[in-house]
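In this note's numbering, the protein residues as written are 483 to 912. Here a beta-carbon is modelled for each residue, glycine too, at the ideal position from N, C-alpha and C. What follows is one structure encoded as structure tokens, with my remarks underneath.
Written out as structure tokens, the structure is:
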């Protein structure tokens, strides 16, 4: 067998799985599910959920001292279980603790036909944080022919074997479920920066505009090829429940799958046997890398390709760290738009006016510096920061997703207090 877990580790993993199952069954988890349904279904008076994404500060949240497993398979399972159980115990935000153990397909992607190497450096605490790509494209017009259509393959046998292995270990406590996950292939300018770098990309818009359009069309076609391949291969799974569309923004909704979906017609039998189409799922896209271009250049070089990539989706989460307001004329016309990331660099009042009266979610990304710069949370300043959003987004559907916190200086209580204070301010305003 490819995977082996010693008996002592198996006992520990079952203990963790039992704990996760108990947390998942708590009444508060049903309340949180309804919270997300109300938000995503556009129910009047929906209360904003509050989430803190933890993986960026794993040096604090998941230190080596919390792990007991030494085997590779045991450590992989342990990490997933600990992330869920510790989230409830230490942060207690509005994540819904899963009642399943989710796994992904074993998929291999040759996205470009060329290799993109990278270099990484450690920060002052010895954690790999900084990195750069060694771009294969040096001259866009000259090097475009080296790019090949993306090629995908899936190892079903290995995927099913892993699912069965986990099911044998934990299935009576947490059933193992295959999920399909969103791909960064839909984030077109992210791929550009990997291939040629941001400065070269910006320069090429002026010096080699036709080549930029050729590159963007190639990336669009790769993304559409990926999406169609996933559908044709039967790899898509419904993600209208306890999955995130992007960056810990959860998907609970009755609006998917589509009314003509086999999932609705069949009354949802075995979820792994239902044919799922792209238009039955949430997906995501963003263009952080074009924060430095004008709206006019975005409209010319980006919007047409993003529009095409978003068309097959069921619901769209758009944006990440880039400000949405300069490009709102185009973003607002993207197909199936359901959530927009409102980053710390975004004009909140502009976006509040734009989204008020719609059911598009104002997905606020609060400033992570409140949690990570000082060892102790400035509670008064954090409360004012939350209220600034609640003022700007009055009359909108709102969620708070705290991301990009890279250290808590060992003080996990900062995260828990940030959630408690945000909830207090929300309750005061509801």
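C-alpha distance - residue i paired with residue j, whole-angstrom precision
i	j	result
residue 768	residue 668	8 Å
residue 640	residue 781	43 Å
residue 889	residue 849	14 Å
residue 852	residue 522	27 Å
residue 818	residue 745	20 Å
residue 718	residue 758	6 Å
residue 494	residue 644	19 Å
residue 623	residue 550	53 Å
residue 858	residue 801	30 Å
residue 629	residue 786	21 Å
residue 771	residue 487	43 Å
residue 878	residue 808	19 Å
residue 731	residue 798	11 Å
residue 591	residue 663	14 Å
residue 560	residue 898	23 Å
Burial state of residue i (16 or more Cβ within 10 Å)
i	result
residue 912	exposed
residue 963	The first residue shown for the chain is 483 and the last is 912, placing residue 963 beyond what the model contains.
residue 676	buried
residue 525	exposed
residue 610	exposed
residue 907	buried
residue 537	exposed
residue 796	buried
residue 905	buried
residue 847	buried
residue 741	exposed
residue 512	exposed
residue 478	It is not possible to answer for residue 478, since the shown part of the chain is limited to 483 through 912.
residue 885	buried
residue 836	buried
Boundaries (first-last residue) of the beta strand (DSSP E) holding residue i
i	result
residue 604	599-604
residue 820	819-824
residue 798	797-800
residue 534	532-534
Residue i - containing alpha helix (DSSP H), residue span
i	result
residue 684	680-689
residue 767	Unbroken run through residue 767 is the beta strand (DSSP E), 764-767; no alpha helix (DSSP H).
residue 546	Residue 546 -> no alpha helix (DSSP H), and no H or E assigned at all.
residue 510	509-522
residue 783	777-783
residue 832	830-837
residue 726	Taken as a continuous stretch (DSSP letters only), residue 726 belongs to no alpha helix (DSSP H), being part of the beta strand (DSSP E) at 726-728.
residue 528	No alpha helix (DSSP H) holds residue 528; DSSP gives it neither H nor E.
residue 468	Residue 468 lies beyond the residue range present for the chain, which begins at 483 and ends at 912; the question has no answer from this structure.
residue 810	810-813
residue 559	554-568
residue 491	489-506
DSSP-derived helix/strand/coil call for residue i
i	result
residue 847	coil
residue 892	coil
residue 586	strand
residue 854	helix
residue 591	strand
Unbroken stretches of the beta strand (DSSP E), 3 residues or longer, contained in the region 603-678: Within the region 603-678, the beta strand (DSSP E) runs of at least 3 residues that lie entirely inside it are, in chain order, 610-616, 633-636, 658-661.
Residue ranges of each alpha helix (DSSP H) within the region 858-906, 4 or longer: 861-874, all fully within the region 858-906.
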